[in-house]
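S.K.: FYI, full-length UniProt numbering numbers position 241 of the sequence shown as 241, with every residue one higher than the one before it. Dropping the structure in here first, questions after.
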Amino acid sequence: MTVIGLDDTDSRTLGMCTTYLATLVAEAVEARGGTVERRLLVRLNPAVEHKTRGNAALALHTDLPAGAALDVARDELDRWAVLDDDRTSPGLVVAPGSPDTVSTAVADFARDAVRDFHDLDDAVDLAERSGFLTEGWHGGRGRIGALAAVGAWAAFDEWTYEHISYREFHRCGTPREVDLDSVFDAADAAYPDAWDTVDREEGEAVCVPNAPGPILHGIRGDDADTVREVAAAIDSEPVDRSATFLTNQGTDAHLRDGAVSDLRDGRAYRVAGTVASDPETRAGGHVFLDLEAGDSTVSVAAFEPTKRFRNRVRALRVGDALTACGEVGDGTLKLEKFAVRDLVRTEPATPVCPDCGRTMKSAGRNQGYRCRDCGTDAPGKVERAVDRDLELGWYEVPPCARRHVAKPLVRGGFDAATHPER
Numbered sequence: 001m002t003v004i005g006l007d008d009t010d011s012r013t014l015g016m017c018t019t020y021l022a023t024l025v026a027e028a029v030e031a032r033g034g035t036v037e038r039r040l041l042v043r044l045n046p047a048v049e050h051k052t053r054g055n056a057a058l059a060l061h062t063d064l065p066a067g068a069a070l071d072v073a074r075d076e077l078d079r080w081a082v083l084d085d086d087r088t089s090p091g092l093v094v095a096p097g098s099p100d101t102v103s104t105a106v107a108d109f110a111r112d113a114v115r116d117f118h119d120l121d122d123a124v125d126l127a128e129r130s131g132f133l134t135e136g137w138h139g140g141r142g143r144i145g146a147l148a149a150v151g152a153w154a155a156f157d158e159w160t161y162e163h164i165s166y167r168e169f170h171r172c173g174t175p176r177e178v179d180l181d182s183v184f185d186a187a188d189a190a191y192p193d194a195w196d197t198v199d200r201e202e203g204e205a206v207c208v209p210n211a212p213g214p215i216l217h218g219i220r221g222d223d224a225d226t227v228r229e230v231a232a233a234i235d236s237e238p239v240d241r242s243a244t245f246l247t248n249q250g251t252d253a254h255l256r257d258g259a260v261s262d263l264r265d266g267r268a269y270r271v272a273g274t275v276a277s278d279p280e281t282r283a284g285g286h287v288f289l290d291l292e293a294g295d296s297t298v299s300v301a302a303f304e305p306t307k308r309f310r311n312r313v314r315a316l317r318v319g320d321a322l323t324a325c326g327e328v329g330d331g332t333l334k335l336e337k338f339a340v341r342d343l344v345r346t347e348p349a350t351p352v353c354p355d356c357g358r359t360m361k362s363a364g365r366n367q368g369y370r371c372r373d374c375g376t377d378a379p380g381k382v383e384r385a386v387d388r389d390l391e392l393g394w395y396e397v398p399p400c401a402r403r404h405v406a407k408p409l410v411r412g413g414f415d416a417a418t419h420p421e422r
């Protein structure tokens, strides 16, 4: 068994897609007489500065000998990687042996590549010490992701599926011809086994990308047959080729448990705290509030692209207890989802006269309240019930705003037994 890992072969402006190149490598492996047992699409830390559009690295598990696998993959990268973009820095790592038996160090490297940062020199050193074959272009920064893809199968226990359909290559850069009614019908029929196919409230086909690359649509879900069936039910321009990947998308693999006092930029956390300021809508429609725990406070934001999710954030009040999930950047936690653990149910209010029903007036400094008509009095403010638009449980950004690796609530497995939203 051999594992082929590759990364950073595409361009943010000139197109291409590493999943497409991995599909071409798989076809070349089969043309050489090998078989591909498994294809992995591994989303890495979304906060990394030097990344491709979705920061995905790819791995192919094949029975082709390592030397032959390197030759095949190198030939395809030479032909298809977008080397005209100076920011593209492809990397290739070929690992002899089963993906189940990589070292603990390689598995840890893969896990950390999703949650943290790696240095290229460390990646190359670990690959060489592990007896792997490597190749790099334009500096070969993609060897970091390629090595992470090699170790991913041993690093992660939770996997989902994505079935990707590709366009005829000459169509890249032109508008995609996809019948949206068929997309929405197929999405409804397969939900929740296939998820994030569409955002019905926004009227958006989330599975159809806007980038100029070769992907026509990508269907995500928990069952391989289901995602393929959804893809087959979509009416569109001709599909040139397709592939089904195992992936860490929709798993929250990027999140780590953290404390408000310990948050660092460029990492994603699951953190508990209490709302410490009223939600504030700022220029651009972004919503901010402060979350505190002990003596520490962090700014939390729901940005405009999260659409209707911001209304849930605006409904929070000082004193509400939350678990907040998201990436930290520039000292701000960018919300992906949150769980309401406890809600403020009352607020101080001026007392009402029990005789006439009118609101009492202040009787003077530190003298309580008095009804000027009836003469009744009260020693101070009273607690009044507050109507809340939130319930205990989880709230999430809509499909159109969800990060690839973030876990949708419909997949289940969250620590709150129920959540109010679909």
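Every residue gets a Cβ at the ideal spot worked out from N, C-alpha and C, and that includes glycine. Just so you know, these numbers come straight off a predicted model, no measurement behind them.
Unbroken beta strand (DSSP E) runs of length 3 or more, entirely within the stretch 36 to 95: which are they?
M.R.: DSSP runs (the beta strand (DSSP E)) wholly in the stretch 36 to 95: 36 to 43, 56 to 62.
S.K.: Note down the Cα distance separating S182 from D188, rounded to an integer number of angstroms.
M.R.: What you label residue 182 is simply residue 182 of the sequence shown in a count that begins at 1. What you label residue 188 is simply residue 188 of the sequence shown in a count that begins at 1. Going by the C-alpha atoms only, they are around 10 Å apart.
S.K.: Does the CB of D116 have a neighbour CB from chain B at under 8 Å?
M.R.: The question asks about chain B, but that chain is absent: this structure has only one protein chain.
S.K.: In whole angstroms, what separates the C-alpha of R403 from that of I144?
M.R.: Along the sequence shown, one-based indexing puts residue 403 at 403. Along the sequence shown, one-based indexing puts residue 144 at 144. Answer to the nearest angstrom: the Cα atoms are 21 Å apart.
S.K.: Please list, in chain order, all residues of the same chain as T19 whose beta carbon is under 8 Å from its beta carbon, the five residues on each side excluded.
M.R.: Working through the sequence shown from its first residue, we reach residue 19 at position 19. If we look at T19 and ignore the five residues flanking it on each side, its Cβ neighbours are L41, A56, L58, I164, I215, A243, F245.
S.K.: Per the DSSP calculation, P348 is bridged to which residue(s)?
M.R.: For the purposes of this step, residue 348 is identified with residue 348 of the sequence shown, where counting begins at 1. Partner(s): E383.
S.K.: Within 10 Å of its beta-carbon, does P348 have 16 or more other beta-carbons around it, so buried, or fewer, so exposed?
M.R.: Translated into positions along the sequence shown, residue 348 becomes position 348. P348 comes out exposed.
S.K.: Where P46 and R115 are concerned, what is the direct C-alpha to C-alpha distance, given to the nearest angstrom?
M.R.: What you label residue 46 is simply residue 46 of the sequence shown in a count that begins at 1. What you label residue 115 is simply residue 115 of the sequence shown in a count that begins at 1. The alpha-carbon atoms of P46 and R115 are separated by roughly 9 Å.
S.K.: I need the straight-line Cα distance from A28 to V72, nearest angstrom please.
M.R.: Mapped onto the sequence shown, residue 28 falls at position 28. Mapped onto the sequence shown, residue 72 falls at position 72. Roughly 6 Å separates the two Cα atoms.
S.K.: Over the uninterrupted beta strand (DSSP E) stretch that includes F288, give me the two end residues.
M.R.: Here residue 288 corresponds to residue number 288 of the sequence shown, with the count starting at 1. It spans 287 to 293 - the beta strand (DSSP E) in which F288 sits, taken as one unbroken run.
S.K.: How would you call E76, buried or exposed, if buried means at least 16 neighbouring beta carbons within 10 angstroms?
M.R.: Counted from its first residue, the sequence shown places residue 76 at position 76. By the 10 Å Cβ count, E76 comes out buried.
S.K.: Along the chain, where does the alpha helix (DSSP H) that runs through E150 open and close?
M.R.: Along the sequence shown, read from residue 1 onward, the residue named residue 150 stands at position 150. A small fix is needed here, since residue 150 is Val in this sequence, not Glu. It spans 143 to 155 - the alpha helix (DSSP H) in which V150 sits, taken as one unbroken run.
S.K.: Does the stretch 217 to 232 come into contact with the stretch 258 to 276, if we say contact requires no fewer than three beta-carbon pairs (one atom in each stretch) closer than 8 Å?
M.R.: Output reads no: the stretch 258 to 276 does not touch the stretch 217 to 232.
S.K.: Sort out for me which residues DSSP pairs G258 with in a bridge.
M.R.: As a first step, residue 258 must be located in the sequence shown, where it is residue number 258. Its beta-bridge partners are V271.
S.K.: Helix, strand or coil, according to DSSP, for F245 in the structure here?
M.R.: Taking the first residue of the sequence shown as 1, we reach residue 245 at position 245. In the structure shown, F245 sits in a strand (DSSP, three-state: E or B).
S.K.: How big is the Cα-Cα spacing for V93 and M1?
M.R.: Translated into the one-based positions of the sequence shown, residue 93 becomes position 93. Translated into the one-based positions of the sequence shown, residue 1 becomes position 1. Approximately 14 Å, taken between the alpha carbons.
S.K.: Which of the three DSSP states is assigned to F169 in this structure?
M.R.: Position 169 of the sequence shown, counted from the start, is the residue given in the question as residue 169. If DSSP states are grouped into helix, strand and coil, F169 belongs with the helices.
S.K.: Within 10 Å of its beta-carbon, does P408 have 16 or more other beta-carbons around it, so buried, or fewer, so exposed?
M.R.: For the purposes of this step, residue 408 is identified with residue 408 of the sequence shown, where counting begins at 1. Classification of P408: buried, given that the 10 Å Cβ count is 16 or more.
S.K.: For A385, I'd like the list of residues in its chain whose CB is within less than 8 Å of its CB, leaving aside the five on either flank, ordered along the chain.
M.R.: Taking the first residue of the sequence shown as 1, we reach residue 385 at position 385. Excluding positions up to five away in sequence, the list reads R345, T346.
S.K.: Applying the 10 Å Cβ sphere with the 16-neighbour rule, what's the burial state of P90?
M.R.: Within the sequence shown, residue 90 is the residue found at index 90, counting from 1. Flag for P90 reads buried.
S.K.: With burial defined as no fewer than 16 other Cβ atoms inside 10 Å of the residue's Cβ, what is the status of G285: buried or exposed?
M.R.: Along the sequence shown, read from residue 1 onward, the residue named residue 285 stands at position 285. Result: exposed.
S.K.: Secondary structure at Y161, three-state DSSP: helix, strand or coil?
M.R.: Within the sequence shown, residue 161 is the residue found at index 161, counting from 1. If DSSP states are grouped into helix, strand and coil, Y161 belongs with the strands.
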